[in-house]
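Numbering (this note's numbering), first residue to last: 342 to 463. We treat Cβ as the ideally placed atom computed from N, Cα and C, and that holds for glycine. Heads up, the thing below is written out as structure tokens.
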């Protein structure tokens with residue numbers, strides 16, 4: 342076993358925030374940090390940071406950016422009957438046919454994410 346963690350939420354997923362000051366807000370995941378089990382969601386948990394002037398003559402400023410939130414506070418959204426609803430994530434092993442460089446083929450398995458609510462591949 343490796344010490345590498347993995348998350349079920351990936352970069353580019355559309356999620357809804359379940360807890361915190363931004364509860365109910367939907368956005369796109371723009372960053373994932375498996376080590377700390379946190380994600381950055383577009384437009385959620387915005388903080389202000391003071392930016393010091395680096396070059397002489399430049400002015401300092403206040404920068405607003407998104408801060409990470411814990412992955413347990415977001416739920417993946419899937420489309421059901423034209424409406425986006427939150428769902429849990431599961432995994433399924435699918436049989437696939439792969440090709441070797443010499444042209445021969447063999448069967449293997451690949452893991453795919455599925456939405457528990459609909460059973461469809463994400």
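- prompt: By Cβ distance, which residues of its chain are closer than 8 Å to residue 342, with the 5 residues on each side in sequence left out?
  reply: Position 1 of the chain shown, counted from the first residue, corresponds to residue 342. Model confidence at residue 342 stands at a pLDDT of 47, short of 50, so the residue's coordinates are unreliable; what they give is reported in the following sentence. The answer is none, since no qualifying residue turns up.
query: If you count every other CB in all the chains shown that lies within 10 Å of the CB of residue 451, and 16 or more means buried, which is it?
result: For the purposes of this step, residue 451 is taken as the residue at position 110 of the chain shown. Under this definition residue 451 is an exposed residue.
- prompt: Considering only C-alpha positions, which residue in the set 446, 449 and 424 is nearest to residue 458?
  reply: Position 117 of the chain shown, counted from the start, is the residue given in the question as residue 458. Out of 446, 449 and 424, 424 has the C-alpha closest to the C-alpha of residue 458.
- prompt: When the distance is taken between beta carbons, is residue 370 closer than 8 Å to residue 346?
  reply: As a working mapping, residue 346 is identified with position 5 in the chain shown. As a working mapping, residue 370 is identified with position 29 in the chain shown. No. Outside cutoff.
field: Cβ shell of residue 373 (< 7 Å), same chain only, five flanking positions each side left out
entry: By 1-based counting over the chain shown, the position of residue 373 is 32. The residues are 348, 350, 351, 352 and 380.
Rounded separation between residue 448 and residue 377 - CA only: For the purposes of this step, residue 448 is taken as the residue at position 107 of the chain shown. For the purposes of this step, residue 377 is taken as the residue at position 36 of the chain shown. Residue 448 and residue 377 have their C-alpha atoms roughly 36 Å apart.
- prompt: Does DSSP classify residue 382 as helix, strand or coil?
  reply: Numbered from 1 along the chain shown, position 41 holds the residue referred to as residue 382. Of the three classes helix, strand and coil, the one that applies to residue 382 here is strand, per DSSP.
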